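Numbering (our numbering), first residue to last: 6 to 226.
(1) Just reading off the beta strand (DSSP E) that residue 113 is part of, what are its end residues?
(2) Ignore the nearest five residues each way along the sequence and tell me which others in residue 147's own chain have a CB closer than 8 Å to its CB.
(3) Based on DSSP bridge pairs, tell me the residues matched to residue 129.
(4) Determine, using beta carbons only, whether residue 140 and residue 46 come nearer to each other than 8 Å.
(5) Does DSSP put residue 23 in a helix, a strand or coil?
(6) Would residue 59 and residue 152 qualify as a contact pair, given that the criterion is a beta-carbon distance under 8 Å?
(7) In this structure, does DSSP put residue 206 in helix, strand or coil?
(8) For residue 86 and residue 61, what's the separation of their Cα atoms in angstroms?
(9) Whole-angstrom Cβ separation of residue 114 and residue 129, contact assumed at under 8 Å?
(10) Considering Cα atoms alone, identify which of 183, 174, 125 is closest to residue 194.
(11) Taking the alpha-carbon positions, what's the residue 56 to residue 27 distance?
(12) Of the choices 50, 41, 65, whose alpha-carbon is the least far from that of residue 16?
(13) Rounding to the nearest angstrom, what Cα-Cα distance links residue 81 and residue 96 in this structure?
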């Protein structure tokens, strides 16, 4: 069973199966959103956000694949072994079954990292569990918004990157009018208003966008 061996194994077959099951549901969400069937999309998003396989994938993402996988939050809890990862999956499923509206993340751990200009950038580090809860919500939200995003938007999107942006720039430069706008928002990640961002989320998806993930308190530890 995946519960017994899936989290702790690197078997390409097992994880390929998990990813395919999650992707199949994401594809249905994308198609429903594209065709304007928002009620259907919302129902599928709820199903995916509460699914066992999405939870498995979320835990694997934050404990195995992400760079900060060995960095603890304010609770100082690290999740490294297969047993710990399986325990986190069970804990998350219990939390989800109890109701997302009852879940409250812990304060984020505040650290400062150096920037290229010599200044320090504040960084909030959630607990491992909170990161996994965020990851499973992202899995459900992503296909909904991918169906709505502009085709010329390349930042922080799955299967898109700088090479896609370069290809688009080259295509545009081959045309007559050649205008390039280079803009930067000063201290964007440091100063961006999370409340405003949360207010811009579509009503159909708002139930999944847990504002307390964005607005959680910053710990002093």
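All residues carry an ideal CB built from backbone N, CA and C; glycine is no exception.
All figures in this text were calculated on a predicted structure; none of them were measured in a lab.
Taking the geometry as given:
(1) On the chain shown, position 108 is the one that residue 113 refers to. Residue 113 -> beta strand (DSSP E) spans 113–119.
(2) Taking the chain shown and counting its residues from 1, the one referred to as residue 147 is at position 142. For residue 147, where only same-chain residues beyond five positions count, the Cβ hits under 8 Å are 31, 163.
(3) Counting from one through the chain shown, the residue named residue 129 turns up at place 124. Per DSSP, 115.
(4) The count along the chain shown starts at 1 and reaches residue 140 at position 135. The count along the chain shown starts at 1 and reaches residue 46 at position 41. No, the Cβ-Cβ distance between residue 140 and residue 46 is not below 8 Å.
(5) Counting from one through the chain shown, the residue named residue 23 turns up at place 18. Of the three classes helix, strand and coil, the one that applies to residue 23 here is helix, per DSSP.
(6) For the purposes of this step, residue 59 is taken as residue 54 along the chain shown, with counting starting at 1. For the purposes of this step, residue 152 is taken as residue 147 along the chain shown, with counting starting at 1. Remark: C-beta atoms of residue 59 and residue 152 do not approach each other more closely than 8 Å.
(7) One-based indexing of the chain shown puts residue 206 at position 201. If DSSP states are grouped into helix, strand and coil, residue 206 belongs with coil.
(8) Stepping through the chain shown from its first residue, residue 86 is reached at position 81. Stepping through the chain shown from its first residue, residue 61 is reached at position 56. Using only the alpha carbons, I get a separation of about 14 Å.
(9) Against the chain shown, residue 114 aligns to sequence position 109. Against the chain shown, residue 129 aligns to sequence position 124. Rounded, the Cβ-Cβ distance is 7 Å, consistent with contact.
(10) On the chain shown, residue 194 is found 189 positions in, with the first residue counted as 1. Taking only the C-alpha atoms, the option nearest residue 194 is 125.
(11) Mapped onto the chain shown, residue 56 falls at position 51. Mapped onto the chain shown, residue 27 falls at position 22. Taking the straight line joining both Cα atoms gives about 9 Å.
(12) Stepping through the chain shown from its first residue, residue 16 is reached at position 11. Ranking 50, 41, 65 by Cα distance to residue 16 puts 65 first.
(13) Counting from one through the chain shown, the residue named residue 81 turns up at place 76. Counting from one through the chain shown, the residue named residue 96 turns up at place 91. Spanning the two alpha carbons is a distance of roughly 17 Å.
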